[in-house]
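In this text, residue positions in the sequence shown follow this note's numbering: the first is 110, and each later residue adds one.
Notes follow the structure.
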Amino acid sequence: MDVKKMTAVDIYSTVGNTSGTTITIREARFTVRGPSSRIGEAMLAGPVKIRRRSSGRIVLLFRLRAADPIAFVSILEGEDPSRLDGLTVSGTVTVRAGLARKKITVDEVPLSEFVANFDRITLPTETTGQ
C-alpha cells in the first residue's frame, strides 16, 4: 500500500441543487476524536462546485493529517461499523451561493452518524489526479 496516497481520501456524495445559482463548497475542515485523544484532521483539498439546477454524485478530495495515517484511513474507509464506536467529528464547512456565504458547524457528532451522509469513502483514484 502506498503510504503517500494515505494522506488523502475521496468522499463520494449524492447532491442536488434546485436553485438558480451555482453552489461552491469553499472550505471544509473536520477533526476526528476518540474517547481520549485526537485521531486526525481532514481538510477539503480545493473548492467544489455544484451547478445550478443539477443533481448527481460529486467527489470531494480531503487531505488528511494524523500521527498514524494508515490507521486513520482504515477507520474512515473500513466496512466494519464497530470501527466507529466512540469516535466523534467536529468541524466547519463554508458554502457560497452567489454573494451569499454560509458557515455550517458540526460539534461532537458521532462519526457513524456523520459518515452515513456519504455514499462512499475511499483512497484517491487516478481520476482525481492524486
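Virtual Cβ for every residue (Gly too), placed ideally from N, Cα, C.
Is the Cβ-Cβ distance between Ile184 and Thr201 less than 8 Å? no
Whole-angstrom Cβ separation of Ser191 and Thr140, contact assumed at under 8 Å? Wrong, their Cβ atoms sit about 21 Å apart, outside the cutoff.
By the three-class DSSP mapping on this structure, what secondary structure does Pro219 have? strand
With DSSP collapsed to three states, give me the class of Thr131. coil
Collapsed DSSP secondary structure at Leu173 in the structure displayed: strand
Suppose the cutoff is 6 Å on Cβ atoms and the five residues either side in sequence are ignored; what does the same chain contact list for Thr133 look like? Pro156, Lys158, Arg205
If contacts are defined as beta-carbon pairs under 8 Å, then Tyr121 and Phe223 qualify, I think. What distance do you get, rounded to the angstrom? The pair is not a contact, with the Cβ atoms about 15 Å apart (cut-off 8 Å).
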